[in-house]
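Trainee:
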Amino acid sequence: FPQESAEMSALRALALSVLTAVLASGGNGIQPLGPGCHLYPFNVTIRSDRRGTCQGMQSISACVGYCESSAFPSKYSVLLASNFKRNITSVSQCCTINKMQKVRVKLFCGARKEEVDIFTARSCRCDMCRLSRY
Ligand SMILES: *[C@@H]1O[C@H](CO)[C@@H](O)[C@H](O)[C@H]1NC(C)=O
Ligand SMILES: *[C@@H]1O[C@H](CO)[C@@H](O)[C@H](O)[C@H]1NC(C)=O
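The sequence shown runs -29 to -1, 1 to 105 under mature numbering (1 follows the signal peptide of the UniProt record, and there is no 0).
1. So, using beta-carbon positions, are residue 7 and residue 47 closer together than 8 Å?
2. Between the alpha carbons of residue 54 and residue 44, how many angstroms are there, rounded?
3. Would you mind reading off the limits of the beta strand (DSSP E) that contains residue 63?
4. Measure the C-alpha to C-alpha separation of residue -28 and residue 70 and round it to an integer number of angstroms.
5. Does the region 9 to 28 come close enough to the region 55 to 62 to have 3 or more Cβ pairs within less than 8 Å?
6. For residue 11, which three-state DSSP category applies?
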């Protein structure tokens, strides 16, 4: 990578530490994140309906962290083909789930019990960025 000025790397370190602090404080008091993309445990509450007729809690994992991204001045061929519009070529990866696993959650409905299956992350990796869809 091209070397960056001391100022830029100080700024980047600051930005990272601010982001880390934000994630750490929002994450149920989990330890601050290091570099990379890692399993991140958290608790979810599952409710069968809005009134919470049946409910249960389960610890599951997400994948949280940092993956590399970079931007290069576009190749001349790309510039030509895009009429000099695509002047930046970005390469990026996102922290995503590599393997998922089902876990069974017990829901308590007063004296009665129910079970539902939900997913948890088993392993993480830096991979193609996907937009969320609902
Ligand atoms: C999840 O809940 C359990 C039991 O209440 C608790 O011991 C644990 O610390 C919680 N984990 C997180 C990540 O908040
Ligand atoms: C890249 O091209 C766009 C569109 O032609 C232009 O608006 C933008 O300023 C250029 N970016 C840089 C970093 O020069």
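Using N, Cα and C, we set each Cβ at its ideal position, and we do this for glycine too.
No experiment lies behind these values; they were computed from the predicted model shown.
Mentor: The relevant details are as follows:
1. Remark: C-beta atoms of residue 7 and residue 47 do not approach each other more closely than 8 Å.
2. Rounded to whole angstroms, residue 54 to residue 44 spans 14 Å at the Cα level.
3. Note, residue 63: beta strand (DSSP E), 59 to 63.
4. The pLDDT assigned to residue -28 is 45, lower than 50, so where the model puts this residue is not dependable; a value taken from the coordinates is nonetheless given after this. Looking at the two C-alpha atoms, the distance is approximately 35 Å.
5. By the C-beta criterion, the region 9 to 28 is judged not to be in contact with the region 55 to 62, since fewer than 3 inter-stretch pairs fall below 8 Å.
6. Note: residue 11 maps to strand in three-state DSSP.
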